[in-house]
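Accompanying notes for the structure given below.
In the UniProt record's numbering, the protein residues as written are 1 to 513.
Structure below.
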């Protein structure tokens, strides 16, 4: 039997989760479910200087909101706990020390000033790269240039140090990326990265390799920004003796600005007036609030559908997918290499499609909440009817009330252009006979009976219905356009319809003949 697929999403709790991170989590989740595998969540919090309170809870809530189920990891538990890297320090130190003992890494005692001086010397000499590498390390203060007794004395004395990878000088490092194909890098282009920092915490490079190995990760699906680090990680797997079980890599395309030039940023979202985070985020330090897709009115299934197609294509014309359909259709081979342009109008389109599909009773509370916020009382029955009438016309549930203002409020003004063109003697006669018919109406006031009542009244008066419908709408709503007029009248109610017709007859004047 082949090895079970195990993937992981490993965000850092340094603030709100970027929507690009949600897409990374989604692709991991779709692949895991498609392959019958497991989805892990690991919190990479080794950079304590950038730790933000509340960020971890935000990550967990964001994943729950979009429907990504975690099989193992933070918030769920599992056989490889703990799943916060800050709680796994002893594991990383042991591996870093093993690399030193095997001659594959070394202690470095250089101060910040000494590192700056080294870079300055290299820059002045026009060196191709001002970095700590196979050449420059022999001019620095580390366990490769110091005597063993001096190294021991420094460590025993508590001198600060880091552990650096001893990168080979002349080797080819290769990996076969599932999206980009073969990537070849010469080791001379890789500097001696710090593996263990002076505070005892690991860098991302060491921690993620060690954890991915221990947790049995088979596929690392992550953003394109990590592609330059991938050869270094391959070296680490080799040095640690785990190259034969190294996971396969897939580096996802960037999310690009709406105009398609450059990586999508928060500034782009602020300037464009759209969210870039799944949920609203309040900065615990400054108190500033960043908008979220959820609070802006996006449905989670719409966000999932939108994100899934930002960089992946099923190879068909289908655009609307349930999560189950996405899982069934997903294929890493169909992920694009090129960046995907972030089009918020397309996100709105997806939301519109899912609003249309929502049952009316699920949209009703949004109408009721907006009505209440405006000092109005709206029954569940009325809100449900409004949702059914108007959901085809909106992108967001909170827009239903705005579209329904002509239902809640008697018009106080009338469209002058429509009035000038359509409010004539026939319109006055039609509105009058319809009002009279309604005053004697005692049946169920529903769209079908309203339609028949109107038709009968106009037929008896010898008025053609097509000529006066826009004028009738004007009398009832103040506008010449809108949703189905019979359903609108059903929701308004008989008494209010009669009241509005009488007001129009009193207010609107027919043009002088």
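Idealized CB from N, CA, C, for every residue including glycine.
DSSP, read as helix, strand or coil, puts residue 132 in coil. Per DSSP, residue 495 is one residue of the alpha helix (DSSP H) stretching across 494-507. In this structure, residue 210 sits away from residue 237, with a CB-CB distance that is not shorter than 8 Å. It is roughly 6 Å from the alpha-carbon of residue 247 to the alpha-carbon of residue 220.
The residue among 359, 129, 320 and 301 with its C-alpha nearest the C-alpha of residue 68 is 301.
Between residue 400 and residue 497, the CB-CB gap reaches or exceeds 8 Å. Between residue 144 and residue 137 a beta carbon distance of about 6 Å is seen, short of the 8 Å cut, so the two are scored as contacting. Around residue 190, the same chain offers 133, 167, 173, 231, 232 and 235 as residues with beta carbons nearer than 8 Å, after the five sequence neighbours per side are excluded. Apart from the 5 residues on each side of it in sequence, residue 4 sits with its Cβ closer than 6 Å to the Cβ of 37 in its chain, given in chain order.
Taking the CA atoms as reference points, residue 52 sits about 18 Å from residue 203. Approximately 6 Å separates the beta-carbon atoms of residue 83 and residue 43; this is inside 8 Å, confirming the contact. DSSP places residue 401 in the uninterrupted alpha helix (DSSP H) bounded by 399-403. CA-to-CA, the gap between residue 40 and residue 47 works out to about 21 Å.
Two segments are said to touch when three or more pairs of C-beta atoms, one from each, lie closer than 8 Å; by this definition the stretch 74-83 does not touch the stretch 109-125. CA-CA distance, residue 10 to residue 24, rounds to 10 Å. Going by beta carbons, residue 250 and residue 178 fall inside the 8 Å limit. Taking a 10 Å sphere around the C-beta of residue 337, we find fewer than 16 other C-beta atoms and assign the residue as exposed. Rounded to whole angstroms, the separation of the alpha carbons of residue 198 and residue 146 is 18 Å.
Closest by C-alpha distance to residue 269, out of 78, 283, 96 and 290, is 290. Residue 504 and residue 448 have their C-alpha atoms spaced approximately 24 Å apart.
Sixteen is the threshold: when 16 or more other Cβ atoms of the shown chains lie within 10 Å of the Cβ of residue 164, as they do, the residue is buried.
If one requires a minimum length of 4 residues, the alpha helix (DSSP H) runs lying completely within the stretch 15-103 are 19-34, 55-66 and 89-101, in chain order.
Of the residues 240, 148, 294 and 196, the one whose Cα lies closest to the Cα of residue 66 is 294. The bridge partners DSSP lists for residue 324 come to none. Spatial neighbours of residue 368 in its own chain (CB-CB distance under 6 Å, excluding positions within 5 residues in sequence) are listed in chain order as 378 and 383. Non-local C-beta neighbours of residue 450 in its own chain, meaning closer than 7 Å and more than five positions away in sequence, comprise 486, 489 and 490, ordered along the chain. Restricting attention to 353, 406, 253 and 21, the CA atom closest to the CA of residue 371 is found in 406. Restricted to the stretch 113-167, the beta strand (DSSP E) segments that are unbroken, complete and at least 3 residues in length are 162-165, listed in chain order.
A straight line joining the alpha-carbon of residue 287 with that of residue 188 spans about 46 Å. Residue environment: residue 214 is assigned as exposed (fewer than 16 neighbouring CB atoms within 10 Å of its CB, all protein chains considered). A straight line joining the alpha-carbon of residue 216 with that of residue 28 spans about 15 Å.
The closest CA to that of residue 390, considering only 374, 416 and 363, is found on 363. Residue 58 is classed as buried because its beta carbon has at least 16 other beta carbons within 10 Å across all chains shown.
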